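Student:
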Amino acid sequence: MLMREEILFWLREKDPEKLKELWARADRLRAENVGDAVHFRGLIELSSFCRRNCLYCGIRASRPGLTRYRLTREEALSCVQKAVDFGYGTVVIQAGEDPGIDQNFITDLIREIKARSSLIITLSLGERKEEEWIAWKEAGADRYLLRFETSNQILYNAIHPKAPDTVWPNRLDLLRRLREIGYEIGSGVMIGIPGQSIDDLARDIELFQELDLDMIGCGPYLAHPDTPLGKIEQDPDLGKQYGLPATEDPVESSNEMAFKVIALARLVCPSANIPSTTAIATIDGKQGRTSGLSRGANVIMPNLTPMEYRALYEIYPHKAAALETAEQTHAIAIDQVKSIGRFPGSGPGGRKK
Ligand code: SAM
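Residue numbers (the working numbering): 109 to 461.
Laid out in structure tokens, this is it:
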């Protein structure tokens, strides 16, 4: 068990020579526990409609001027076909919390994917009704991703206003419920949210271990200028207005900090599946993605969303691969994985405890 002091030590460490120790330890544990295969999870961004108003998110309900889209069944299934053609083991179906996607649409999609392929299905559709989660599990869905975003409840409540009909106390309870329903569960946090402290981040990492997460996805917070939180840099007084906690020990939103979190996540959950995320690739391109894979990560999530919609799923600006086709994204990902002496994984790539 990693102690809080050790987590804090690494989160505060700045010396690149010393940090090499952390990177090497995480890489060694990754090789020992999940091997050299890099699992490709094909990402399908199903809908950019969202009923929530998260202060940080570029697809929040009240963002003006964003053209919204929702893939049709046939469009979604043609993304699925690409995952099959590329040899992926998993598709991740992600969307804003969109009431326009109903239970039956997702149930039918899951059944159709399972009928046509041996793909594993990961859902990332936000806080949905329990009966929907149960129905989707029964239809064949395998995994559910729901980031808790930050363990600091004051910060979380400030940046993540509740939906009017929310009955659940918090996302940690939701994750526990998802596991009871039978899903493999994934969660994670944003790194460098205004108001987040190093102590908060250390607690986040302890929580990965306590929740015994099967998947851990983390990336830097990237300011979107058309969101309330994205305007804070210009007007720091807004922090008080939004009720953000004051901290003297803020977390920087950088790839180095994200790599530390990936590496520490590997240390606390050695057998978890950990992606080198799109937010990391957005800051540093190819370099970012491969560095993540060399510092504890074993998963990437190439985007399969049709090119005409990708830029519209704009959770933050300049999102990596927003102007590529699925074929281009796939070819680039293969090159990146090979460039560091690793190879694409085959099969479901589930967590082996
Ligand atoms: N609606 C679902 C949910 O809330 O889990 C899934 C979609 S949501 C857009 C997926 C993730 O995007 C969130 O969990 C959040 O961590 C990330 N995200 C949103 N805005 C971001 C930003 N400005 N910077 C970095 N990550 C962001």
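Think of the CB as a built atom: it goes at the ideal place given N, C-alpha and C, for glycine as much as any other residue.
These figures come from a predicted structure and were not determined experimentally.
In three-state terms, what does DSSP make of THR230?
Tutor: For the purposes of this step, residue 230 is identified with residue 122 of the sequence shown, where counting begins at 1. Strand.
Student: Please give the ranges of any beta strand (DSSP E) in the segment 232-309, keeping only runs that are unbroken, at least 3 residues long and fully inside the region.
Tutor: 251-253 and 292-295
Student: The ligand SAM heavy atoms versus the CB of ALA249: any closer than 7 Å?
Tutor: Within the sequence shown, the letter at position 141 stands for residue 249. For the ligand SAM, not one heavy atom lies less than 7 Å from the Cβ of ALA249.
Student: So, for ARG450: in the same chain, excluding its five sequence neighbours on each side, which residues have a beta-carbon less than 8 Å away from its beta-carbon?
Tutor: For the purposes of this step, residue 450 is taken as residue 342 along the sequence shown, with counting starting at 1. Closer than 8 Å at Cβ, skipping near neighbours: ASP144, ALA145, VAL146 and LEU401.
Student: Who are the Cβ neighbours of ARG159 in its own chain at under 8 Å, not counting the five residues just before and after it?
Tutor: To locate residue 159, count along the sequence shown from 1; it is residue 51. Correct list, in chain order: ALA169, GLY204, GLU205, ASP206, PRO207 and ALA271.
Student: Starting from the Cα of LEU352, find the closest Cα among LEU263, CYS162 and LEU412 and give me that residue.
Tutor: In the sequence shown, the residue the question calls residue 352 occupies position 244. Comparing Cα-Cα distances from LEU352 to each of LEU263, CYS162 and LEU412, the minimum goes to LEU263.
Student: Quick one: what's got a C-beta closer than 6 Å to PHE316's C-beta in the same chain, skipping five residues either side?
Tutor: The residue you call residue 316 lines up with position 208 of the sequence shown. Only ILE324, ALA373, VAL376 and CYS377 meet the Cβ criterion.
Student: Would the beta-carbon of GLY294 fall within 8 Å of that of ASP250?
Tutor: As a first step, residue 294 is located in the sequence shown; it is residue number 186 there, counting from the start. As a first step, residue 250 is located in the sequence shown; it is residue number 142 there, counting from the start. No, the pair does not count as a contact, with Cβ atoms beyond the cut-off.
Student: Distance, Cα to Cα, GLY455 vs GLU318?
Tutor: In the sequence shown, residue 455 corresponds to position 347, counting from 1. In the sequence shown, residue 318 corresponds to position 210, counting from 1. Those two C-alpha atoms are separated by around 28 Å.
Student: Looking at VAL199 and ILE242, is the spacing between their C-beta atoms short of 8 Å?
Tutor: Here the question's residue 242 lines up with position 134 in the sequence shown. Here the question's residue 199 lines up with position 91 in the sequence shown. No, Cβ-Cβ distance for ILE242 and VAL199 is not below 8 Å.
Student: With a threshold of 7 Å, establish whether the CB of ARG255 neighbours any heavy atom of the ligand NAD.
Tutor: Ligands present in the displayed structure are limited to the ligand SAM, and the ligand NAD is not among them.
Student: Mind the definition here: the segment 150-167 touches the segment 178-190 only if three or more C-beta pairs lie below 8 Å; say whether that holds.
Tutor: Contact holds: three or more Cβ-Cβ distances are below 8 Å.
Student: Below 8 Å between beta carbons: does that hold for CYS326 and THR385?
Tutor: Locating residue 326 in the sequence shown gives position 218, counting from the first residue. Locating residue 385 in the sequence shown gives position 277, counting from the first residue. Less than 8 Å separates the beta-carbon of CYS326 from that of THR385.
Student: Does the pairing of the segment 304-311 with the segment 339-357 give three or more beta-carbon distances under 8 Å?
Tutor: By the C-beta criterion, the segment 304-311 is judged to be in contact with the segment 339-357, since at least 3 inter-stretch pairs fall below 8 Å.
Student: Entirely within the segment 170-217 and at least 4 residues each: give me those alpha helix (DSSP H) ranges in chain order.
Tutor: 181-194
Student: On the CB-based measure, 16 or more other CB atoms within 10 Å of its CB, does ALA387 come out buried or exposed?
Tutor: As a working mapping, residue 387 is identified with position 279 in the sequence shown. ALA387 should be labelled buried.
Student: Tell me the DSSP secondary structure of GLU113 in three-state form.
Tutor: Here the question's residue 113 lines up with position 5 in the sequence shown. Reduced to three states, the DSSP call for GLU113 is helix.
Student: Considering only the alpha carbon of each residue, which of ASP320, GLY197, PRO452 and ASN161 lies closest to ASN265?
Tutor: By 1-based counting over the sequence shown, the position of residue 265 is 157. Closest by alpha carbon: ASN161.
Student: On the criterion of 16 or more Cβ atoms from any shown chain inside 10 Å, does TYR202 qualify as buried, or is it exposed?
Tutor: Stepping through the sequence shown from its first residue, residue 202 is reached at position 94. According to the sequence as given, residue 202 is Gln; it is not Tyr. Buried, by the Cβ-count rule.
Student: When the distance is taken between beta carbons, is ILE382 closer than 8 Å to GLY396?
Tutor: In the sequence shown, the residue the question calls residue 396 occupies position 288. In the sequence shown, the residue the question calls residue 382 occupies position 274. Cβ atoms of GLY396 and ILE382: not closer than 8 Å.
Student: I need the straight-line Cα distance from VAL297 to ASN260, nearest angstrom please.
Tutor: In the sequence shown, the residue the question calls residue 297 occupies position 189. In the sequence shown, the residue the question calls residue 260 occupies position 152. Their backbone Cα atoms lie some 11 Å apart in a straight line.
Student: Considering only C-alpha positions, which residue in the set LEU217, THR433, GLN444 and LEU283 is nearest to THR398?
Tutor: The residue given as residue 398 occupies position 290 in the sequence shown. When only C-alpha atoms are compared, the closest one is GLN444.
Student: So, using beta-carbon positions, are ILE289 and LYS245 closer together than 8 Å?
Tutor: Along the sequence shown, read from residue 1 onward, the residue named residue 289 stands at position 181. Along the sequence shown, read from residue 1 onward, the residue named residue 245 stands at position 137. Yes, Cβ-Cβ distance for ILE289 and LYS245 is below 8 Å.
Student: Could you tell me the alpha carbon to alpha carbon distance between GLY166 and ARG176, rounded to whole angstroms?
Tutor: On the sequence shown, residue 166 is found 58 positions in, with the first residue counted as 1. On the sequence shown, residue 176 is found 68 positions in, with the first residue counted as 1. Between GLY166 and ARG176, the C-alpha separation is close to 11 Å.
Student: Quick one: what's got a C-beta closer than 8 Å to LEU254's C-beta in the same chain, skipping five residues either side?
Tutor: As a position in the sequence shown, residue 254 is number 146, starting the count at 1. Result list for LEU254: SER232, GLY234, GLU235, ARG279, LEU282, LEU283, LEU286, ILE293, GLY294 and SER295, in chain order.
Student: To which residues of the same chain is HIS438 closer than 7 Å at the C-beta, ignoring the five residues directly before and after it?
Tutor: Locating residue 438 in the sequence shown gives position 330, counting from the first residue. The residues are PHE194 and PRO410.
Student: Write down the C-beta distance between MET415 and THR390 rounded to the nearest angstrom, noting that I regard them as a contact closer than 8 Å.
Tutor: Translated into positions along the sequence shown, residue 415 becomes position 307. Translated into positions along the sequence shown, residue 390 becomes position 282. With 8 Å as the limit, MET415 and THR390 do not qualify as a contact, their Cβ atoms being about 17 Å apart.
Student: By Cβ distance, which residues of its chain are closer than 6 Å to ALA419, with the 5 residues on each side in sequence left out?
Tutor: In the sequence shown, residue 419 corresponds to position 311, counting from 1. Cβ within range, chain order: ALA430.
Student: Does any heavy atom of the ligand SAM sit closer than 7 Å to the C-beta of SER232?
Tutor: Within the sequence shown, residue 232 is the residue found at index 124, counting from 1. Yes.
Student: My output table needs one value for VAL142: the three-state DSSP class, helix, strand or coil.
Tutor: Along the sequence shown, one-based indexing puts residue 142 at 34. In this structure, VAL142 counts as helix in the three-state DSSP scheme.
Student: Would you please state the rounded distance, in angstroms, between the beta carbons of LEU227 and VAL192? I believe it to be under 8 Å.
Tutor: On the sequence shown, residue 227 is found 119 positions in, with the first residue counted as 1. On the sequence shown, residue 192 is found 84 positions in, with the first residue counted as 1. Right, the Cβ-Cβ distance comes to about 7 Å (below 8 Å), so this counts as a contact.
Student: Among ALA134, ALA331 and GLU113, which residue has its Cα nearest to the Cα of HIS426?
Tutor: Taking the first residue of the sequence shown as 1, we reach residue 426 at position 318. For HIS426, the closest C-alpha among the options ALA134, ALA331 and GLU113 is that of ALA331.
Student: I want to check one thing, is the minimum distance from the CB of ALA271 to the heavy atoms of the ligand SAM below 7 Å?
Tutor: If you number the sequence shown from 1, residue 271 lands on position 163. Flag unset: Cβ of ALA271 not near the ligand SAM.
Student: Quick one: give me the first and last residue of the alpha helix (DSSP H) that ARG418 is part of.
Tutor: Counting from 1 along the sequence shown, the entry for residue 418 is found at position 310. Looking at the DSSP string, the run of the alpha helix (DSSP H) that includes ARG418 is 415-418.
Student: Where do the ends of the alpha helix (DSSP H) carrying ASN161 lie?
Tutor: Taking the first residue of the sequence shown as position 1, residue 161 is located at position 53. Counting along the chain, ASN161 falls outside any alpha helix (DSSP H), and DSSP gives it neither H nor E.
Student: Here's the rule I'm using: 16 or more other beta-carbon atoms within 10 Å means buried, otherwise exposed. How should MET111 be labelled?
Tutor: The count along the sequence shown starts at 1 and reaches residue 111 at position 3. MET111 should be labelled exposed.
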